[in-house]
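The working numbering numbers the first residue of the sequence shown as 1147 and each following residue consecutively.
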Amino acid sequence: MPRGRCKWRRGRCGRPKIPRCISNPPPVSQLSPTSLSREAALEPIKMFYDEYEVLRLIDYMGLDQEEAGKRMGVSRGTIWRLLQSARKKLVSTIVEGRELQLLEDEQVETASKGSNP
1147 MPRGRCKWRR
1157 GRCGRPKIPR
1167 CISNPPPVSQ
1177 LSPTSLSREA
1187 ALEPIKMFYD
1197 EYEVLRLIDY
1207 MGLDQEEAGK
1217 RMGVSRGTIW
1227 RLLQSARKKL
1237 VSTIVEGREL
1247 QLLEDEQVET
1257 ASKGSNP
């Protein structure tokens, strides 16, 4: 298996990640507070496109986890884990006043403009 296409665990290659379908990539690549605190200067918080998409589908559009999983092509359990991770990162950004960077993961498939959002 080519390097970078799977997660390394205990020195061996684990299961490859299932590609996640993103219908609407974020319009910006980073968000930063107007006044940076000392913690903000240390290291930005990194959120991946799939975490952003889960927040958009569930918290912004009001879908349930089952429907969000169908749209992204992953299980409800994966949606739950992504949602918990994304919410924790978003709250940390607000509470600590740190910069948030949105990064594209290699296992993300962006849907074409003609597809269903």
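Even glycine gets a Cβ: it sits at the ideal position worked out from N, Cα and C.
Hey, quick one: how far does the alpha helix (DSSP H) through Arg1222 stretch, first residue to last? Arg1222 to Glu1242
As a quick exercise: from Leu1248, Glu1250, Thr1239 and Pro1165, pick the residue whose alpha carbon is nearest that of Ser1181. Thr1239
Reduced DSSP category for Met1218 - H, G, I as helix; E, B as strand; rest coil: helix
Just verifying my parser: in three-state terms, what is the DSSP assignment at Arg1161? Of the three classes helix, strand and coil, the one that applies to Arg1161 here is coil, per DSSP.
Run through DSSP, which three-state label would Leu1177 get? strand
To which residues of the same chain is Asp1210 closer than 8 Å at the C-beta, ignoring the five residues directly before and after it? Ile1204
Looking at Tyr1195 and Lys1250, is the spacing between their C-beta atoms short of 8 Å? Going by the sequence as given, residue 1250 is Glu instead of Lys. Taking 8 Å as the Cβ cut-off, Glu1250 and Tyr1195 qualify as a contacting pair.
Could you pull out every residue in the same chain whose Cβ sits closer than 6 Å to the Cβ of Pro1172, ignoring the five residues on either side in sequence? Tyr1198 and Leu1248
Where do the N-terminal and C-terminal ends of the alpha helix (DSSP H) with Leu1201 fall, by residue? Tyr1195 to Leu1201
Residues near Ser1231 in its chain [Cβ-Cβ closer than 8 Å; skip 5 each side]: Glu1197
Pick from Ser1178, Lys1235, Ile1164 and Cys1159: whose alpha carbon is nearest that of Val1220? Cα-wise, what sits closest to Val1220 is Ile1164.
With DSSP run on the structure shown, which of helix, strand or coil describes Leu1209? coil
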